[in-house]
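Undergrad: Residue numbers (the numbering used here): 6 to 318. Ideal Cβ placement from N, Cα and C applies to all residues, glycine included. Because the structure is a prediction, the values reported are computed rather than measured. Input: one structure, supplied below.
In structure tokens form, the structure reads like this:
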């Protein structure tokens with residue numbers, strides 16, 4: 006029986022992890038007294054009693070929790086931004102490259118990717134790795150997400166019956182170009198400079214679509230949209246949770262529109278390639294609470310403990 010503790014079980018990601026682990030016969034959930042959930046001593050006791058602990062906390066609190074662990078057998082899976090660029094932590098995107106699953110399987114410290122970064126890295130990393138784009142390619146990213154990604158305060162604001170009507174329209178944010186996912190997006194994708202990143206919050210609870218536009222004449226290895234689709238189809242062939250959707254197929258769309266919520270409730274990511282010989286749009290669609298958060302965390306745990314990778318997903 007694997008003993009699991011969720012530090013930060015009251016947050017959106019923590020609650021979703023609990024839901025995904027509920028009913029599993031191979032997992033014992035260690036519970037903290039709600040009145041002691043901010044007590045370092047109580048948390049330390051459970052962290053060190055666990056085989057796996059999920060850190061579903063703000064960055065500062067995640068670092069504090071990691072520092073409380075003295076048991077060399079306790080494995081940490083951090084859902085915060087705190088450790089995603091730390092070389093001592095393994096990046097928790099199993100589909101990233103050959104050998105990534107094995108790295109996760111043997112790691113004691115795993116950092117779950119950010120939701121926007123998951124889609125971004127899935128699209129950009131293969132292009133840099135396969136030398137389709139140069140590391141200094143001026144990458145731009147537009148990413149629309151449901152409001153649940155902003156946590157309890159933003160959820161409350163969007164679900165407030167007295168909210169301003171203006172919330173009905175999608176809203177851009179992080180316009181100072183310093184979004185907290187940028188260091189991770191740049192480093193993991195292998196870029197020499199951060200992308201211009203334009204995140205957008207929509208008036209829907211969950212789901213997201215991460216988009217990368219490309220000019221084919223700027224590619225290091227120029228190719229059209231169909232050839233790029235073939236590249237992604239080969240790169241993610243036989244991946245359980247990442248599927249490359251058929252090229253130029255109207256069935257991918259709803260009267261010409263792409264629905265960012267189609268992967269909701271799953272740990273799936275759909276990758277699309279649109280365009281022609283001179284311009285391409287790459288899109289990764291996923292559930293920001295699934296493959297973009299709790300689903301990815303549980304997937305990493307399954308790999309780490311040698312369980313079926315899709316258990317609970």
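Who pairs with residue 289 in a beta bridge, going by DSSP?
TA: Looking at the DSSP assignment, residue 289 forms a beta bridge with 215 and 276.
Undergrad: Would DSSP call residue 74 helix, strand or coil?
TA: In the structure shown, residue 74 sits in coil (DSSP, three-state: anything other than H, G, I, E or B).
Undergrad: Does the stretch 226-241 touch the stretch 170-180, meaning 3 or more C-beta pairs lie closer than 8 Å?
TA: The stretch 170-180 vs the stretch 226-241: no contact.
Undergrad: Would you check if the stretch 114-127 and the stretch 294-304 touch, i.e. whether three or more CB-CB distances between them fall below 8 Å?
TA: Touching, yes.
Undergrad: DSSP three-state call for residue 305: helix, strand or coil?
TA: If DSSP states are grouped into helix, strand and coil, residue 305 belongs with the helices.
Undergrad: Do you know offhand how far residue 25's Cα is from residue 223's?
TA: Approximately 43 Å, taken between the alpha carbons.
Undergrad: Helix, strand or coil for residue 96 per DSSP?
TA: Strand at residue 96.
Undergrad: Which two residues bound the contiguous beta strand (DSSP E) that contains residue 9?
TA: Looking at the DSSP string, the run of the beta strand (DSSP E) that includes residue 9 is 7-12.
Undergrad: Kindly indicate which three-state DSSP category residue 153 falls into: helix, strand or coil?
TA: Helix.
Undergrad: Residues in its own chain within less than 7 Å of residue 75 by CB, not counting five upstream and five downstream?
TA: Only 53 meet the Cβ criterion.
Undergrad: Does DSSP put residue 123 in a helix, a strand or coil?
TA: Correct three-state label for residue 123: helix.
Undergrad: Taking C-alpha atoms, which residue in 261, 269 and 274 lies nearest to residue 250?
TA: It is 274.
Undergrad: Among 31, 57 and 41, which has the Cα closest to the Cα of residue 9?
TA: Residue 57 is the option with its Cα nearest to residue 9.
Undergrad: Between the Cα of residue 90 and those of 235, 185, 206 and 228, spot the shortest distance and give me the residue it belongs to.
TA: Of the listed residues, the one whose Cα sits closest to residue 90 is 185.
Undergrad: Apart from the five residues just before and just after residue 111, which ones in its own chain have a Cβ nearer than 8 Å to its Cβ?
TA: Closer than 8 Å at the Cβ level, and outside the excluded window around residue 111, lies no residue.
Undergrad: To the nearest angstrom, report how far apart residue 86 and residue 61 are at their CA atoms.
TA: In a straight line, the C-alpha of residue 86 is about 10 Å away from that of residue 61.
Undergrad: Is it the case that the Cβ atoms of residue 115 and residue 95 are separated by a distance below 7 Å?
TA: Yes, Cβ-Cβ distance for residue 115 and residue 95 is below 7 Å.
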